[in-house]
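Below you'll find the structure, written out as structure tokens, and then a few comments.
There are 2 protein chains.
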Amino acid sequence: MSTTASSAPQTGSRPGGRSARVRAAVHRAVRELVADEAGDPLTIPAVAARAGVHATTVYRRWGAVGELLADVATSRFSGDFVVPDTGSLRGDLERYASDLAKDLCDPDTLALVRATIGAGGEQGAAACRGERQRQLEAILEREQDRGEQTPSLERTTDAVLAPLYYRAVFTDDPLTPEWTRTLVSHLLPD
Amino acid sequence: MSTTASSAPQTGSRPGGRSARVRAAVHRAVRELVADEAGDPLTIPAVAARAGVHATTVYRRWGAVGELLADVATSRFSGDFVVPDTGSLRGDLERYASDLAKDLCDPDTLALVRATIGAGGEQGAAACRGERQRQLEAILEREQDRGEQTPSLERTTDAVLAPLYYRAVFTDDPLTPEWTRTLVSHLLPD
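Quick look at the structure:
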């Protein structure tokens, strides 16, 4: 498989061009190596070889595998799905849970979450959850702006976000649509 | 620090003696290396060197880092805390949640969970959760034997077990006693 930067975002002649291409190539190499289950533990030299850059470039920019994985996870889990706006808290949370379940069911995403948790420490953990928690906060705030009462962010995290991550990362039970709806209905009983 | 097998379980002259000592030394080496946050990613040669055994011995017995971590996690998370028996489901679940929270707050335990999730794949994930889910099942079954209704194991897992693991592994929020009691009170409203 080609691992050149040819499909990296076209940055034209702006000053960050080369730097952005290196970053894209390195990120892609990390995602490919992590997705390859038969692979050995991720190392900087392996990433550099696959990305077609010098290992020293990777060491200089990211320092260690943990920081590199956290950076890739931050890119992966930021801004890639929008905050649902169905008109009701229940609808928004059901859509949110369903979107997150689909995302976590993707084997490559799951492999990236697991690898980042394993090597990225606190920074990696934050990278895997950050945007998701902010999205939940935005959903709750919108409902409050409508003048409605909502459960707290903590309670919503415990009831919806936590079971989704736990089931995806720690079990091989499926994240079915029925189950994700059940999570919301326990949080918001009729 | 000495990493010899001198404090391994005394197995006397039974046939498994040497094998058990090697296993204890290797397990201890893994726990120590994983707990050392500044450490590089875990490798079999590093484990073997610290345990004072040949790397080939470790490869032959465990095959790869993922399997080794899963084996260590299985030992760590099996049979090390008993199923609470306070006389009520609420009391049992509060004790269970509090015990699990204390355990997951231990930095070495958390480091082992994260490393095992990172390198151990499905097998590692199962090692990190298995016994805990069976303990929850035992608590629910005891209550049912008393003739009482209980939430399902799935619902109890989502409401109590999942938030504990999520908060410990993915956030740096503290697992306070007040919070663990809240998890149970949401599952079992008065």
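Each protein sequence line maps, in turn, to chains Y and A.
Take the first sequence: its position 15, counted from the start at 1, is 15 in UniProt numbering, and no numbers get skipped.
Take the second sequence: its position 185, counted from the start at 1, is 185 in UniProt numbering, and no numbers get skipped.
Backbone N, C-alpha and C fix where the C-beta goes; we use that ideal spot for every residue, glycine too.
- Interface criterion met: the Cβ of I117 of chain A is under 9 Å from a Cβ in chain Y.
- Residue burial is scored here from C-beta neighbours: D92 of chain A has at least 16 other C-beta atoms within 10 angstroms and is therefore classed as buried.
- Residues of chain A whose Cβ lies closer than 7 Å to the Cβ of R181 of chain Y do not exist, since the nearest Cβ in that chain is about 13 Å away.
- For F77 of chain A, there are no C-beta contacts with chain Y under 9 Å, since the nearest C-beta of that chain is about 11 Å from it.
- The beta carbons of A97 of chain A and T156 of chain A sit about 10 Å from each other, so the pair does not count as a contact at 8 Å.
- By the Cβ-count criterion, T116 of chain Y is buried, with 16 or more other Cβ atoms from all chains shown falling within 10 Å of its own Cβ.
- Taking the Cα of L175 of chain A as reference, the smallest distance to any Cα among A:T150, A:A20, A:A101 and A:R23 is reached at A:A101.
- Where V72 of chain Y is concerned, the enclosing alpha helix (DSSP H) starts and stops at V65 to R76.
- Each residue's CA atom was taken as its position, placing E143 of chain Y and V58 of chain Y some 44 Å apart.
- Ranked by how close their Cα comes to the Cα of G118 of chain A, the residues Y:A35, Y:E178, Y:Q133 and Y:S75 have Y:A35 in first place.
- Under the Cβ distance rule, R155 of chain A counts among the residues neighbouring chain Y, one pair being separated by less than 9 Å.
- Of the other Cβ atoms in all chains shown, 16 or more fall within 10 Å of the Cβ of D103 of chain A; this residue is therefore buried.
- At a cut-off of 9 Å between beta carbons, L42 of chain A contacts chain Y.
- CA-CA distance, I44 of chain Y to A55 of chain Y, rounds to 6 Å.
- The beta-carbon of P163 of chain A is placed less than 9 Å from the nearest beta-carbon of chain Y.
- A distance below 7 Å between beta-carbons, with the five flanking residues on each side excluded, links Q135 of chain A to the following residues of its chain, in chain order: V83 and Y96.
- Between V169 of chain Y and V169 of chain A, the CB-CB gap stays under 9 Å.
- When only Cα atoms are considered, R18 of chain Y and A24 of chain Y end up about 10 Å apart.
- Between A73 of chain Y and V47 of chain Y, the gap from beta carbon to beta carbon reaches 9 Å or more.
- Sequence-distant partners of L188 of chain Y (beyond 5 residues in either direction) whose C-beta falls short of 6 Å from its own C-beta, in its chain, are R90.
- Look at the beta carbons and you see the stretch 158-173 of chain A touching the stretch 122-129 of chain Y: at least three pairs across the two are nearer than 8 Å.
- In the three-state reduction of the DSSP assignment, D173 of chain Y falls in the coil class, being assigned neither a helical nor a strand state.
- For P177 of chain A, the closest C-alpha among the options A:E122, A:G147 and A:D99 is that of A:D99.
- At a C-beta separation below 7 Å, E122 of chain Y has these neighbours in chain A: D172.
- Taking 9 Å as the cut-off, the beta carbon of P41 of chain Y is found closer than this to the beta carbon of V65 of chain A.
- Taking every protein chain shown into account, the CB of P107 of chain Y has fewer than 16 other CB atoms within 10 angstroms, so this residue is exposed.
- Take D71 of chain A, set aside five residues on each side of it, and the residues of its chain with a beta-carbon closer than 7 Å to its own are W62, in chain order.
- Straight-line spacing of the CA atoms in E137 of chain A and L153 of chain A works out to 6 Å.
- G17 of chain Y: member of the alpha helix (DSSP H) spanning G17 to A35, first to last residue.
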